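Chains as they are written, first to last, in my numbering: chain A, 1 to 565; chain B, 1001 to 1333.
We put the CB at the ideal spot given by N, CA and C, even for glycine.
Treat the numbers as computed from the prediction; the structure is a model and nothing was measured.
What follows is a short report on a single structure.
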């Protein structure tokens, strides 16, 4: 370790620093303070000088610390304001409810805090600062791993846990004994004239470097490899099959580097869905959801698999997760002549634990006008002022309260012809006229399974033919988790090493007595980083060394009482 | 016994534990006032006893070596040097804490048996477990360092949280939400509460450190019991050791949470509100650890970071759980 400064706190006799660690940033408590030239007129800096100045500022401890605190502070808005990534509906609701504040917050990027330029700037600067800090330290540590412990300082009495004893053992034997004792305790040792210098705890710095490098690793994994993945959602009604192509998703978000070729070919079919609920404390609570799927890869046959909330199904590296479930009433819409213009199950999204559900049926073609139905489905209904409410998540078998589908009817422009994406599960009432239901002169439709009803104005008829179950699944391909886990484990392991392995140097020196004087042995230690138990460790070392010396055969006995000063 | 009876006994045990903790708090408060009296009489009489016996390691009479000199560790006025033995109030208070803790843990076990699962799956249970672990960590740290002077702080926080939970968050024993049916519930949440316990004790030590620093600079003359606390530098070192353990647990919590999220939600990190706050807390304590290694930030500034970090932990477990929308919606309320 070469000395670079004039202000070393504890220079040793050969001029090497035993305290300052020049490869730490200069404002690290273990680093060597840089003379900031206080009061002295600094020379004008040229471009390189400025770059060097900024680089030193960026890689200083203080800058890293402030960037860390800014990172924490910058993340706060991400929890106060709904985020596009985790809560897109919340963002839309916020825009509707507070259009004015929305504009301001949106211009600041607060609805996508974690991808906003200012948040990215903070963490990118932090990581540049981190890399700038670890590269020189890495080099220094690799050198230190090959180097032998530094020369014993001339004056040990200024160091931690200094202890001095006299002994009749001759210096060479004492040092040999010290050397083997330190080696047994896991120290790396180097003998100098009448002294032994020892260092241990290299793993502390190794762990520290692993921790910081793994942090960079995780950032790269998420930022670069994460872009090769994709994610999509799909609602699957019982019996329906899904093929893993972009067009078969209800919603699909590609990663930056993924395209249609990234989608592994497979098919997925929902056979049955078995929910279990428990009635307890006056209400129904979900107990277990199991979706029985069949999956098939090209050339294979259908295989049965069970999908649960905490156990995704893996198909060739693509994961399928169970997100939600509900009922899908099956309806058939006919034109006045009796020809079927729409038929099939329609997923109604549940609004509460008892599966009071809402949904929309859109019939764009085949009738005189475009028609939409909007309303409720209740598996075990009770009547309320606004519609039905369900009191149980199971389908009622009680003849007085059979499952009911309550619909309002709209006509007009469904907005499907413009080519823009339209949410299939909600109705934009602009351009639509309500012709039956709440707040119109015509009562809404109230249907049980097997019922059919004529639509107002002779538009046609609708029949409620049955009830299916549906599940919503999240389909996800992400190449990163294995790497992320690897780096996370390195982070944890590195952290534990860097926090709990003490790194210390100790010295044992034998000073030969002149004439009839006894040999004096000195012990002292130096902490390298946090090391609250150093003094105790040096004391124990001294004690053990003395015991060993007492056991050395052949040494002349002596009355120690007289030597005590 | 039926689950309902067990759950009722659990509630009874929680209230009993609270009562015992309140008594412990009173005794700790009396201990602090006794310390004030001792500190005042000590400073009124002579200066604090300065002579500390020189530490010498015992070398047996038959040994060939003899101790010549040993640099004595810096003399720090600790509760034992200034206030002498622990006061009767403190010993009573600490005994009460242990009794209260045993009752508290009993309440947890009863609740767990009543529900047939780990007792930390809704907010009420979570507070119950979290406070039990805070007290547990407080007791555990005593094995290493005497920090009983924090007793009033710990018992006050625990009683307030338990009271809040019993009155506002109580829900009867219910089935486990399918999203929580995972081994990670046992690991992730338990380690999170462990981290919280260490952060709580660390936060208390940092508060004591800040107060002590002000006293050492000549302030806070009206809080004489501080004179019986360890020096601010000693408090800082103990706080650091405790918080570092908490930080290791917190790092693990974050990772275990990510693994679980990957299983349950299909992504290991999605900036859900709870994830955001876990991240904020982690970064704040990372900042604390760096601050301690930065010139000009060691001491009071890093202590403030520890306190801010612990405040964020408390905010995360109460306000974020109750009022922020997100996927971690398991309060049961």
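Shown here for residue 1034 (chain B): same chain residues with a beta carbon closer than 7 Å to its own, the five before and five after excluded, namely 1087, 1089 in chain order. Nearest to residue 454 (chain A) by C-alpha distance, out of A:191, A:407, A:486, is A:407. Here residue 135 (chain A) is exposed, its C-beta having fewer than 16 other C-beta atoms within 10 Å. In the displayed model, residue 1277 (chain B) falls within a helix according to three-state DSSP.
Listed by position along chain B, the residues whose Cβ is nearer than 7 Å to that of residue 458 (chain A) form an empty set, because the closest Cβ is around 46 Å away. Contact annotation, residue 519 (chain A) with residue 221 (chain A): C-beta distance approximately 59 Å; criterion of less than 8 Å not satisfied. For residue 362 (chain A), the uninterrupted beta strand (DSSP E) segment begins and ends at 357-363. By the rule that beta-carbons nearer than 8 Å mark a contact, residue 62 (chain A) touches chain B. If you draw a straight line from the Cα of residue 1021 (chain B) to the Cα of residue 1092 (chain B), it is about 12 Å long. Taking the Cβ atoms as the reference, residue 1309 (chain B) lies roughly 4 Å from residue 1284 (chain B), within the contact range of under 8 Å.
Close to residue 1257 (chain B), with beta-carbon spacing below 7 Å, lies no residue of chain A; the smallest spacing is near 11 Å. From the listed residues A:261, A:50, A:283, the smallest Cα separation to residue 391 (chain A) is found for A:283.
Residue 85 (chain A) sits in coil when the DSSP states are folded into three classes, being neither helix nor strand. Under DSSP, residue 382 (chain A) forms a beta bridge with A:389.
Take the alpha-carbon of residue 98 (chain A) and the one of residue 109 (chain A): they are about 16 Å apart. Taking CB atoms only, residue 28 (chain A) has a neighbour in chain B less than 8 Å away.
Those residues of the stretch 1242-1271 of chain B placed with their C-beta closer than 9 Å to a C-beta in chain A are 1244, 1245, 1247, 1248, 1251, 1252, 1254, 1255, 1258, 1259, 1260, 1262, 1263, 1264, 1265, 1266, 1267, 1268, 1269, 1270, 1271, ordered along the chain. A Cβ-Cβ distance of about 4 Å is found for the pair residue 232 (chain A) and residue 249 (chain A), placing them in contact under the 8 Å criterion. Distance between residue 290 (chain A) and residue 1147 (chain B), taken at the CA atoms: about 51 Å. At least one beta carbon of chain A lies nearer than 8 Å to the beta carbon of residue 1284 (chain B). Nearest neighbour of residue 183 (chain A) by Cα position, chosen from A:345, A:266, A:201, A:385, turns out to be A:201. Under the 10 Å beta carbon count, residue 1290 (chain B) is surrounded by 16 or more other beta carbons and is classified as buried. Straight through space, the alpha carbons of residue 1117 (chain B) and residue 1096 (chain B) are spaced by roughly 29 Å.
Here residue 449 (chain A) carries a coil assignment [DSSP, helix/strand/coil]. Nearest CB-CB separation between residue 1290 (chain B) and chain A: below the 8 Å threshold.
Below 8 Å, too few C-beta pairs join the stretch 343-351 of chain A and the stretch 506-520 of chain A to call them touching: fewer than three.
Counting the other Cβ atoms within 10 Å of the Cβ of residue 429 (chain A) gives fewer than 16, which makes it exposed. Taking 8 Å as the cut-off, the beta carbon of residue 1141 (chain B) is found closer than this to the beta carbon of residue 1242 (chain B).
Cβ atoms of residue 306 (chain A) and residue 325 (chain A) stay farther apart than 8 Å, at about 14 Å.
Restricting attention to alpha helix (DSSP H) runs no shorter than 4 residues, the stretch 1106-1174 of chain B encloses them at 1123-1142, 1151-1164, ordered along the chain.
Counting every other CB atom within 10 Å of its CB across the protein chains shown gives residue 107 (chain A) a total below 16, marking it as exposed. Residue 469 (chain A) is not a Cβ neighbour of residue 377 (chain A), given a cutoff of 8 Å. In the DSSP assignment, the residues bridged to residue 288 (chain A) are A:276. Not a single CB atom of chain B sits nearer than 8 Å to the CB of residue 305 (chain A). In the three-state reduction of the DSSP assignment, residue 1249 (chain B) falls in the helix class, which pools H, G and I.
For residue 474 (chain A), the C-beta contacts it makes with chain B under 7 Å involve 1266, in order along the chain.
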